[in-house]
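Those sequence lines, one after another, are chains F and X. Take the first sequence: its letters are residues -2 to 327, numbered as in this note's numbering. Take the second sequence: its letters are residues -2 to 327, numbered as in this note's numbering. C-beta atoms are modelled at their ideal positions from N, C-alpha and C, and glycine is treated no differently. Structure record follows, encoded as structure tokens.
There are 2 protein chains.
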Amino acid sequence: MKRAWALGCDMGGTNIRCAAVSLDGDVLMMRRGPSLAWRAARAVADNIAEQVNTLLADAKAGGLGAPRAIGVAVPGPLNVFSGTVMAAPHVAAWRSFPLRARLEAKIGRRVIVENDANAWACGEFWRGSARGRRDVVLLTLGTGVGGGLIVGGKLVHGRSGMAAELGHVTVEPDGMPCDCGSHGCLEAYASTSGLRGLVERRLGLARRAPLKSEMLDVEGNFSVRAMTTLARRHDRLALEIFALAGRYLGIAIASFLNVFNPELVVIGGGMAGALSYMRKTMMAEVRERAFTAVAREARIVRAALGPRGGVVGAAYVALNPPSKPPQSGR
Amino acid sequence: MKRAWALGCDMGGTNIRCAAVSLDGDVLMMRRGPSLAWRAARAVADNIAEQVNTLLADAKAGGLGAPRAIGVAVPGPLNVFSGTVMAAPHVAAWRSFPLRARLEAKIGRRVIVENDANAWACGEFWRGSARGRRDVVLLTLGTGVGGGLIVGGKLVHGRSGMAAELGHVTVEPDGMPCDCGSHGCLEAYASTSGLRGLVERRLGLARRAPLKSEMLDVEGNFSVRAMTTLARRHDRLALEIFALAGRYLGIAIASFLNVFNPELVVIGGGMAGALSYMRKTMMAEVRERAFTAVAREARIVRAALGPRGGVVGAAYVALNPPSKPPQSGR
């Protein structure tokens, strides 16, 4: 029996996940492939298209038929209306790259492209922690800090779909350098990259200097998971660094509470696993800075969906595409 | 001939304005009276009701008949759905005060209450600088800093109508004390109250110590207008203080650009008159901290409506009341 479905594709720095998602948000079929993000701009896009096409073929072979819609989530600020990626942290070659046009040419169907953090937020809104809520602030603490905003039950896009870059609010004017080129952004404190910077500063090391092996993963990269293990073993440095990250996370969350008066703040991403080591300093800032009545109405919770959140969200975005606002004159 | 209209009432710390506003936003009739904000909680509300009732009588006598709707804008965070004022900077006696219930009892008609900054934002959206725009951030720099947010063409209320407290985002974690009880808020730098604090700190004076007469108005109060006059005369201290306020205004605006990707940032209130002395440092921060593509899409402009903005906005709010969201369970 054929079942209506949408294709959700989520591209990360290392892997691409493609899934067939039912209209209720159930994952019916999923496959994973490499991102090949180091390739040339078009080759990276063509690799996405190839993996989408493979899933389309698999779905056909599996009796699912054609999807209702196709959504592709990619990192970096992008214009959801034109389908152009401005810049992507993991894809060096994408600078003002017309991703949607290229994907549609290679797939032969309409494609919706969306920022990965926005798609993830939609996944949590559809099937995760934010289900049934109307006003939600979502933060994903990964390599960088991504954000998604649900206001009045709708994803906020802004003028061209670049809204909700919540990792790039200033939390310390003369603060740590951020990968975005500015400094003192939330991302410079509450992401893998930010945490590494804090460790380096604390130890008086040069940027990207070698770190102790206990802070690294098996491939030798700085690892939030390794830092979390250290914190669990009462390592003073790890606890201090997470406390500092928690302070800045709390400063940003307090501002978001005063700005959005949300019901819920959802925190996901790899660093959400260390929330218990950040919570004390985070909540101290929230209590000090957010209006009491506003803070009382909002819960701060962890994301509910695992790695499937991205593909579920991309499918949601495909089924609920952004409506192009009328372009007002200048 | 009878003309359809709405009643807009705007209560400030000193005066109340009540106006009959046409469905196109034209002010047909306006009157002004004292706020008497130092009175007891109910007496302050009854004074508003009395002035509304007087305008209703005047309108009837003038042949306008009954209004379509009545909107009352008051300072301070309030729950627009329940009509309760949490706290109001100028009305000491209002603490969790059920304003709407009291007004409706005294006026005998349905009343919409709204935060004054939100109402002002609606005025600019309806008839001012933000006319026809869909994504707008509005800041009013007065005694404090008020905010309004238009997202996708709609005023953002959040869970209970306390959203858009844009003056209370943190711009300097260990910064100046703010009237809200926290510290380092935008309001602690870019409002009359914040500016006074900066002057006191710069001169090494105690809080609320006497200031030079050239910084005061005729009643002896610290005056942004007097400071603006000093700046126009190249007074070094005044220029330095406005440059500092501009820096923090720019830091906040950069964050708002990254969060909302708006078409427009509208700046109003008494301190908007000093924008030319703040613009250089403000724009330096915006250029440094906001994503280029986002900053390029947003203009930063002054509010277009004068003191009538509040009553026009209150009438708009009355004609477009917030819809109560379905209360989700916890």
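Test: residue i CB closer than 7 Å to a CB of chain F
{"i": "residue 95 of chain X", "result": "no"}
{"i": "residue 317 of chain X", "result": "no"}
{"i": "residue 191 of chain X", "result": "no"}
{"i": "residue 188 of chain X", "result": "no"}
{"i": "residue 225 of chain X", "result": "no"}
{"i": "residue 312 of chain X", "result": "no"}
{"i": "residue 170 of chain X", "result": "yes"}
{"i": "residue 153 of chain X", "result": "yes"}
{"i": "residue 74 of chain X", "result": "yes"}
{"i": "residue 294 of chain X", "result": "yes"}
Through-space distance from residue j to residue i, alpha-carbon basis
{"i": "residue 166 of chain F", "j": "residue 25 of chain X", "result": "43 Å"}
{"i": "residue 261 of chain X", "j": "residue 130 of chain X", "result": "8 Å"}
{"i": "residue 81 of chain F", "j": "residue 253 of chain F", "result": "28 Å"}
{"i": "residue 144 of chain F", "j": "residue 222 of chain X", "result": "40 Å"}
{"i": "residue 234 of chain X", "j": "residue 217 of chain X", "result": "19 Å"}
{"i": "residue 136 of chain X", "j": "residue 164 of chain X", "result": "8 Å"}
{"i": "residue 280 of chain F", "j": "residue 247 of chain X", "result": "27 Å"}
{"i": "residue 274 of chain F", "j": "residue 297 of chain F", "result": "15 Å"}
{"i": "residue 1 of chain X", "j": "residue 64 of chain X", "result": "7 Å"}
{"i": "residue 110 of chain F", "j": "residue 174 of chain X", "result": "44 Å"}
{"i": "residue 72 of chain F", "j": "residue 198 of chain F", "result": "28 Å"}
{"i": "residue 196 of chain F", "j": "residue 229 of chain F", "result": "17 Å"}
{"i": "residue 132 of chain F", "j": "residue 211 of chain F", "result": "40 Å"}
{"i": "residue 309 of chain F", "j": "residue 29 of chain F", "result": "14 Å"}
{"i": "residue 54 of chain X", "j": "residue 121 of chain X", "result": "28 Å"}
{"i": "residue 140 of chain X", "j": "residue 186 of chain X", "result": "11 Å"}
{"i": "residue 19 of chain X", "j": "residue 62 of chain X", "result": "12 Å"}
{"i": "residue 206 of chain X", "j": "residue 181 of chain X", "result": "21 Å"}
{"i": "residue 303 of chain X", "j": "residue 128 of chain X", "result": "15 Å"}
{"i": "residue 153 of chain X", "j": "residue 147 of chain F", "result": "11 Å"}
{"i": "residue 169 of chain F", "j": "residue 172 of chain X", "result": "10 Å"}
Nearest residue (CA-CA) to residue i, options the options
{"i": "residue 48 of chain X", "options": "X:8, X:1 and X:313", "result": "X:8"}
{"i": "residue 178 of chain X", "options": "X:20, X:76 and X:86", "result": "X:86"}
{"i": "residue 11 of chain F", "options": "F:136, F:98, F:88 and F:103", "result": "F:88"}
{"i": "residue 138 of chain X", "options": "X:265, X:314, X:306 and X:288", "result": "X:265"}
{"i": "residue 94 of chain F", "options": "F:104, F:301 and F:75", "result": "F:75"}
{"i": "residue 37 of chain F", "options": "F:79, F:19 and F:90", "result": "F:90"}
{"i": "residue 191 of chain F", "options": "F:125, F:282 and F:142", "result": "F:142"}
{"i": "residue 225 of chain X", "options": "X:268, X:258, X:201 and X:22", "result": "X:268"}
{"i": "residue 160 of chain F", "options": "X:294, X:181 and X:303", "result": "X:294"}
{"i": "residue 351 of chain F", "options": "F:227, F:182, F:214 and F:176", "result": "Since the first residue of chain F shown is -2 and the last is 327, residue 351 of chain F is not available in this structure."}
{"i": "residue 21 of chain F", "options": "F:312, F:320 and F:319", "result": "F:312"}
{"i": "residue 107 of chain F", "options": "F:4, F:306 and F:194", "result": "F:4"}
{"i": "residue 251 of chain F", "options": "F:288, F:276 and F:227", "result": "F:288"}
{"i": "residue 188 of chain F", "options": "F:60, F:258, F:243 and F:97", "result": "F:243"}
Any chain C beta carbon closer than 7 Å to residue i
{"i": "residue 111 of chain X", "result": "Among the chains of the structure shown, chain C does not appear; the protein chains present are F and X."}
Cross-strand partners of residue i (DSSP beta bridge)
{"i": "residue 31 of chain F", "result": "F:12"}
{"i": "residue 67 of chain X", "result": "X:4"}
{"i": "residue 177 of chain F", "result": "In DSSP, residue 177 of chain F forms no bridge with anything."}
{"i": "residue 94 of chain F", "result": "F:82"}
{"i": "residue 111 of chain F", "result": "F:70"}
{"i": "residue 19 of chain X", "result": "X:2"}
{"i": "residue 167 of chain X", "result": "X:182"}
{"i": "residue 52 of chain F", "result": "Partner(s): none; residue 52 of chain F has no beta bridge."}
{"i": "residue 76 of chain F", "result": "F:81"}
{"i": "residue 265 of chain F", "result": "F:137"}
Below-7 Å beta-carbon distance, residue i vs any chain X residue
{"i": "residue 134 of chain F", "result": "no"}
{"i": "residue 47 of chain F", "result": "no"}
{"i": "residue 89 of chain F", "result": "no"}
{"i": "residue 147 of chain F", "result": "no"}
{"i": "residue 115 of chain F", "result": "no"}
{"i": "residue 34 of chain F", "result": "no"}
{"i": "residue 82 of chain F", "result": "no"}
{"i": "residue 231 of chain F", "result": "no"}
{"i": "residue 263 of chain F", "result": "no"}
{"i": "residue 285 of chain F", "result": "yes"}
{"i": "residue 124 of chain F", "result": "no"}
{"i": "residue 257 of chain F", "result": "yes"}
{"i": "residue 290 of chain F", "result": "yes"}
{"i": "residue 156 of chain F", "result": "yes"}
{"i": "residue 166 of chain F", "result": "yes"}
{"i": "residue 162 of chain F", "result": "yes"}
{"i": "residue 210 of chain F", "result": "no"}
Self-check item: 4 or more residues per run - each alpha helix (DSSP H) lying fully within the region 190 to 263 of chain F
Solution: For the alpha helix (DSSP H) assignment, the uninterrupted runs of no fewer than 4 residues enclosed by the region 190 to 263 of chain F are, from N- to C-terminal side, 221 to 229 and 233 to 257.
Quiz item: Taking the runs of the beta strand (DSSP E) that are 3 residues or longer, which of them lie wholly in the region 114 to 156 of chain X?
Solution: Taken in chain order, the unbroken stretches of beta strand (DSSP E) that lie wholly in the region 114 to 156 of chain X and span 3 residues or more are 133 to 138 and 142 to 148.
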